[in-house]
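Residue numbers (my numbering), protein chains in the order written: chain A, 1 to 254; chain B, 1 to 452. A short worksheet on the structure shown next.
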Amino acid sequence: MMTYTPVDPNPTSPRPIPVDEQPLAEPTGGLWPNRFGKVFGVAAIVLTLAGLLLAGLAPQLVTHAPSGAPAGWTTLYDGTPSDSAGWDAAAGCTFSHSGLDVVGADGSNGCGYVPSQQHDLLSGGFQFSVALAPDGSVKLAQDPEVILAGGGSSLYVVLNQVGEYIICDDSCQAGSGLYVIGLSVAWHTDGYTPNSVTLRYLPTDDSLTLYTDGQKVRTLHVSLPVQPELALGADSGAEAIYTHATLYSASGGS
Amino acid sequence: VAGGLSVSGWPGWYPWYPYGSYPYSYPATYPYAYPAAYYNPHAVAARPKRAPGETYALVVSGIVVGFSALSLLCGLTMALLALLIARAGLLDNLLFQGALLVPAVVALVGGGLALYFGVRGLLRHPSPRFTLPHPWLFVGLTALVLASAILIWHLDLASGPGPAIALFPLELLSGALPAFAILAFVSWRLRMPGTRRHVWMSLLYGITLAPVLALIFELVASIVFQIVSPISSTLNPNDPVLIFHLLIVISVFAPLIEEGVKPLGAILIMPRLRTPVSAFLVGLAGGIGFDMFETTFTYIGQGEADWIQIALLRVGAGLLHGLGAGMVALGWYFFINGKGVRLRWWKGAGCIAYAVLQHGIFNGSALLIGVLPDPIEKWLQQPLYLGQMPLTVSDLPLLGLDVVILGVLIFVTGRLMRSWRTDSSRPTAMPAPAEGSPASPSEPVEVGGAAR
Chain A
1 MMTYTPVDPN PTSPRPIPVD EQPLAEPTGG LWPNRFGKVF GVAAIVLTLA
51 GLLLAGLAPQ LVTHAPSGAP AGWTTLYDGT PSDSAGWDAA AGCTFSHSGL
101 DVVGADGSNG CGYVPSQQHD LLSGGFQFSV ALAPDGSVKL AQDPEVILAG
151 GGSSLYVVLN QVGEYIICDD SCQAGSGLYV IGLSVAWHTD GYTPNSVTLR
201 YLPTDDSLTL YTDGQKVRTL HVSLPVQPEL ALGADSGAEA IYTHATLYSA
251 SGGS
Chain B
1 VAGGLSVSGW PGWYPWYPYG SYPYSYPATY PYAYPAAYYN PHAVAARPKR
51 APGETYALVV SGIVVGFSAL SLLCGLTMAL LALLIARAGL LDNLLFQGAL
101 LVPAVVALVG GGLALYFGVR GLLRHPSPRF TLPHPWLFVG LTALVLASAI
151 LIWHLDLASG PGPAIALFPL ELLSGALPAF AILAFVSWRL RMPGTRRHVW
201 MSLLYGITLA PVLALIFELV ASIVFQIVSP ISSTLNPNDP VLIFHLLIVI
251 SVFAPLIEEG VKPLGAILIM PRLRTPVSAF LVGLAGGIGF DMFETTFTYI
301 GQGEADWIQI ALLRVGAGLL HGLGAGMVAL GWYFFINGKG VRLRWWKGAG
351 CIAYAVLQHG IFNGSALLIG VLPDPIEKWL QQPLYLGQMP LTVSDLPLLG
401 LDVVILGVLI FVTGRLMRSW RTDSSRPTAM PAPAEGSPAS PSEPVEVGGA
451 AR
């Protein structure tokens, strides 16, 4: 078959307006104008329902942070961080009824959890969770930082307002030692909804798992510093307000 | 008349077919045909002349096929890149998904459809009338998606939203459904004055090539302007020079460039578009495609767990981009096809100026909200809660602008239809089809001269 090539029967005649470019004389009724419209509409409905189902089930497709202390572990801390409850009032650390406000600076070691400086609370396994104030209530950019330091080495977990995270050690430079960067979908960026961060370390396989807003983000195998001390800080030039902290430890206070 | 439309002056029994087109094709070789040289030694010389515009249509179809192949190649490359990044564990967020998967999906689906339409155009296959389901269907689906996503946001507050890939379809739908609602609304209001190929190709251009062109031009313009008038990049509300600089970039360069590139698909086929209503619809489709890409590629992913808040604010963006592109296409219609139209140059320039002004005001107001004096800015930054989900007072003026643009869209489409009904100067050789006629959308027919 050969498709007919149209020819102009009279090249000088004025060109009429093709039917398909004229509006229909009467408005079309009903939901579907024709079979194509029906197929398109039904496909849109099916895709919408499938998309909703998938998004609704999505939280069940990921691992979540354990909500309580694992069996056999001890709750070492559960409350608003305050200097009277074991947090170090170092430079840049301000305590109020709303929590611990830390302003980050170069070389700052954050606000330490004093009991962890006195005993090895973490190397046997721990789970540490912090709740943050909404970003909008912080004067500077809110970039929280959890520091584990001991024996001359350090491990940092830093996040920012858009959900980017960096897990790094010592110099915290790309290409030198541990340096992992990523972005979490489980992070509220609206400025009004508070976020939370959880770190869980299991010594059996040296795994450190980061959870944000209760959802697992990443698991890494790390070498924890010797007898690590726990501290809360903020990235240099930024700020963080910690409204609640919870620490579970496998080794208890021993 | 069965098989065609009766036209005044033609015998009623004689089927009248659209200009230059017949709803059947000749076999390549007739059973009784003789070799051409036998039968007519001057066959080549006697070859009939193509209908006006047919060569142009072939060239456009060829361009479409070329770009669709390029689009498929880009889509495959982006998909491969996305796979590599996913393997590195970096794709579990909406921002990277938007930046990689949206272009990959758009380029593959858009390129595939463009290839289909381009090849059919090269073969000069006719295209039926463009149709979509009733706009209320898309309005309903949009409401369902947004309301469900707000509910899901609340349910996921303690647990997190789940893997980003599981949110991706809903994210795409929240960008596409409101845009389709606007396209369907205009299409139904104008009574579907365009072919499927023209409207879909304009939309596909708007969702693929137009954003690429806009990105390139905007980048070049920003760099040139930065060289000519260097400023620091930190937004400081107390620095009038900086504010003026940003206003120029956001409210002048961006609208000029975006309103210039969005309807290029429609402008390319403008000689084939014979009515202002079809020019407006085809142009609007380009803007709708652009909005779909911009919403899903640039904006929604930035919200991560709060993506739905951005999706809510972007519901009206299709109005801005759609009406703007439709108006620019209408302006070009007056320039190119408006011979005989009173004040056509003024009308054309006015349409384009409106689109740029509308876009400039929209962009400028978003910037100005951020640099208002402290007390006003604080008031505007107050949260408004939908349940526990925060929006801000500053969102309301932007939503108000959307309502104004919707009003203008209703007015413009109403004027277009009134002009169409009262325009006595248009060629009347082919009457508008009535409901139930072969040319009605319930039964697509081969139309145009021959393939539009």
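Ideal Cβ positions, reconstructed from N, Cα and C, are used throughout, including at glycine.
C-beta neighbour in chain A for R129 (chain B), strict 7 Å: Locating residue 129 (chain B) in the second sequence gives position 129, where the first residue counts as 1. It does: the Cβ of R129 (chain B) has a partner Cβ on chain A nearer than 7 Å.
Quick one: Cα of G301 (chain B) to Cα of G98 (chain B), how far? Against the second sequence, residue 301 (chain B) aligns to sequence position 301. Against the second sequence, residue 98 (chain B) aligns to sequence position 98. In a straight line, the C-alpha of G301 (chain B) is about 6 Å away from that of G98 (chain B).
Can you list the alpha helix (DSSP H) stretches of 4 or more residues lying completely in the stretch 319-405 of chain B, in chain order? 344-369 and 374-380
Identify whether R197 (chain B) lies in helix, strand or coil by the three-state DSSP scheme. Residue 197 (chain B) sits at position 197 when you count from the first residue of the second sequence. Three-state DSSP puts R197 (chain B) in a helix.
Which residue wins for smallest C-alpha separation from M292 (chain B), given the options B:L256, B:V412, B:K262 and B:D306? By 1-based counting over the second sequence, the position of residue 292 (chain B) is 292. Taking only the C-alpha atoms, the option nearest M292 (chain B) is B:K262.
Exposed or buried, which one is H198 (chain B) when buried takes at least 16 other CB atoms within 10 Å? Position 198 of the second sequence, counted from the start, is the residue given in the question as residue 198 (chain B). It is buried - the Cβ of H198 (chain B) has at least 16 other Cβ atoms within 10 Å.
Report all residues from its chain with a CB closer than 6 Å to the CB of D235 (chain A); omit the five preceding and five following residues, and keep chain order. Taking the first residue of the first sequence as position 1, residue 235 (chain A) is located at position 235. Only G104, D143, E145 and V158 meet the Cβ criterion.
What is the DSSP secondary structure of A174 (chain A), counted as helix, strand or coil? As a first step, residue 174 (chain A) must be located in the first sequence, where it is residue number 174. Of the three classes helix, strand and coil, the one that applies to A174 (chain A) here is coil, per DSSP.
Proximity test, Cβ basis, 7 Å: P390 (chain B) and chain A: Here residue 390 (chain B) refers to the residue found at position 390 when the second sequence is read from its first residue. Cβ-Cβ to chain A under 7 Å: yes for P390 (chain B).
Any alpha helix (DSSP H) of 4 or more consecutive residues that is wholly inside the stretch 219-283 of chain B: 240-248, 254-261 and 264-268
Assuming G86 (chain A) contacts Y113 (chain A) under a Cβ cut-off of 8 Å, what Cβ separation, rounded to an integer in Å, is found between them? Walking along the first sequence from the start, residue 86 (chain A) turns up at place 86. Walking along the first sequence from the start, residue 113 (chain A) turns up at place 113. That belief holds up - the Cβ atoms of G86 (chain A) and Y113 (chain A) are roughly 6 Å apart, short of 8 Å.
Quick one: complete beta strand (DSSP E) runs, 3+ long, within the stretch 57-135 of chain A? 74-79, 93-96, 99-103 and 126-132
Below-7 Å beta-carbon distance, I63 (chain B) vs any chain A residue: Looking up residue 63 (chain B) in the second sequence gives position 63. For I63 (chain B), the answer is no, since every Cβ of chain A falls outside 7 Å of its Cβ.
So who's on the other strand from G256 (chain A), going by DSSP bridges? Summary: the structure shown does not reach residue 256 (chain A), with chain A confined to residues 1 through 254, and so no result is reported for it.
May I ask which residues mark the beginning and end of the beta strand (DSSP E) holding V217 (chain A)? Taking the first residue of the first sequence as position 1, residue 217 (chain A) is located at position 217. Start and end: Q215 to H221.
Using a Cβ-Cβ cut-off of 7 Å, state whether P225 (chain A) counts as contacting chain B. On the first sequence, residue 225 (chain A) is found 225 positions in, with the first residue counted as 1. Taking Cβ atoms only, chain B never reaches closer than 7 Å to P225 (chain A), which makes this a no.
Can you grab the Cα-Cα spacing for the pair V186 (chain B) / L281 (chain B), in whole Å? Translated into positions along the second sequence, residue 186 (chain B) becomes position 186. Translated into positions along the second sequence, residue 281 (chain B) becomes position 281. Distance between the alpha carbons of V186 (chain B) and L281 (chain B): 7 Å.
Given a threshold of 16 other Cβ atoms within 10 Å of its Cβ, counted over all protein chains shown, does T198 (chain A) qualify as buried or as exposed? Counting from 1 along the first sequence, the entry for residue 198 (chain A) is found at position 198. Classification for T198 (chain A): buried.
Report yes if the C-beta distance between H245 (chain B) and I267 (chain B) is below 7 Å; otherwise report no. Taking the second sequence and counting its residues from 1, one reaches residue 245 (chain B) at position 245. Taking the second sequence and counting its residues from 1, one reaches residue 267 (chain B) at position 267. No, Cβ-Cβ distance for H245 (chain B) and I267 (chain B) is not below 7 Å.
For D206 (chain A), return the contacting residues in chain B, with the cut-off set at a CB-CB distance below 7 Å. Against the first sequence, residue 206 (chain A) aligns to sequence position 206. Chain B residues near D206 (chain A): none, gap ~18 Å exceeds 7 Å.
Does T246 (chain A) come out as helix, strand or coil in the three-state DSSP assignment? Along the first sequence, read from residue 1 onward, the residue named residue 246 (chain A) stands at position 246. DSSP places T246 (chain A) in strand when its eight states are reduced to three.
Between which two residues does the alpha helix (DSSP H) harbouring R87 (chain B) extend? Indexing the second sequence from 1 puts residue 87 (chain B) at position 87. Note, R87 (chain B): alpha helix (DSSP H), E54 to R87.
For T295 (chain B), I'd like the list of residues in its chain whose CB is within less than 7 Å of its CB, leaving aside the five on either flank, ordered along the chain. Start at 1 with the first residue of the second sequence, and residue 295 (chain B) comes out as number 295. Taken in chain order, the residues that qualify are G175, R314 and A317.
Would you list, in chain order, the members of the stretch 85-108 of chain B that have their beta-carbon closer than 8 Å to a beta-carbon of chain A? G89, L90, D92, N93, L94, L95 and F96
Contact criterion: CB-CB distance below 7 Å. Does A184 (chain B) meet it with respect to chain A? Start at 1 with the first residue of the second sequence, and residue 184 (chain B) comes out as number 184. With 7 Å as the cut-off, A184 (chain B) does not count as an interface residue toward chain A.
Are the beta-carbon atoms belonging to P228 (chain A) and L148 (chain A) less than 7 Å from one another? To locate residue 228 (chain A), count along the first sequence from 1; it is residue 228. To locate residue 148 (chain A), count along the first sequence from 1; it is residue 148. Going by C-beta atoms, P228 (chain A) is nearer than 7 Å to L148 (chain A).
Could you round the C-beta distance between M201 (chain B) and G265 (chain B) to whole angstroms and report it? I think they count as a contact, below 8 Å. If you number the second sequence from 1, residue 201 (chain B) lands on position 201. If you number the second sequence from 1, residue 265 (chain B) lands on position 265. About 6 Å separates the two Cβ atoms, so the contact holds.
What residues from chain A crowd round A164 (chain B), counting only those whose CB sits closer than 8 Å? The residue you call residue 164 (chain B) lines up with position 164 of the second sequence. Correct list: V185.
Under a three-way DSSP split, which group does A238 (chain A) fall into? Residue 238 (chain A) sits at position 238 when you count from the first residue of the first sequence. Looking at A238 (chain A) - three-state DSSP - the assignment turns out to be coil, as it is neither helix nor strand.
Which of the three DSSP states, helix, strand or coil, is assigned to I150 (chain B)? The residue you call residue 150 (chain B) lines up with position 150 of the second sequence. Looking at I150 (chain B) - three-state DSSP - the assignment turns out to be helix.
Delimiting residues of the alpha helix (DSSP H) encompassing S174 (chain B): For this step, residue 174 (chain B) is matched to residue 174 along the second sequence. First-last of the alpha helix (DSSP H) with S174 (chain B): A164 to R189.
Express the C-alpha separation of P375 (chain B) and K139 (chain A) in angstroms, rounding to a whole number. Translated into the one-based positions of the first sequence, residue 139 (chain A) becomes position 139. Translated into the one-based positions of the second sequence, residue 375 (chain B) becomes position 375. Rounded to whole angstroms, K139 (chain A) to P375 (chain B) spans 16 Å at the Cα level.
Where does the unbroken alpha helix (DSSP H) through R120 (chain B) begin, and where does it stop? Counting from one through the second sequence, the residue named residue 120 (chain B) turns up at place 120. From DSSP, the alpha helix (DSSP H) with R120 (chain B) extends over L94 to L122.
Cα-Cα separation between K347 (chain B) and G338 (chain B), rounded to whole angstroms: As a first step, residue 347 (chain B) must be located in the second sequence, where it is residue number 347. As a first step, residue 338 (chain B) must be located in the second sequence, where it is residue number 338. Answer to the nearest angstrom: the Cα atoms are 10 Å apart.
What residue does the alpha helix (DSSP H) around I166 (chain A) start on, and which one ends it? Taking the first sequence and counting its residues from 1, one reaches residue 166 (chain A) at position 166. No alpha helix (DSSP H) contains I166 (chain A), which is instead part of the beta strand (DSSP E) from E164 to D169.
Cut-off 7 Å between Cβ atoms - residues of its own chain near S61 (chain B), not counting five sequence neighbours on either side: The sequence position of residue 61 (chain B) within the second sequence is 61, counting from 1. Cβ within range, chain order: G118, G121 and L122.
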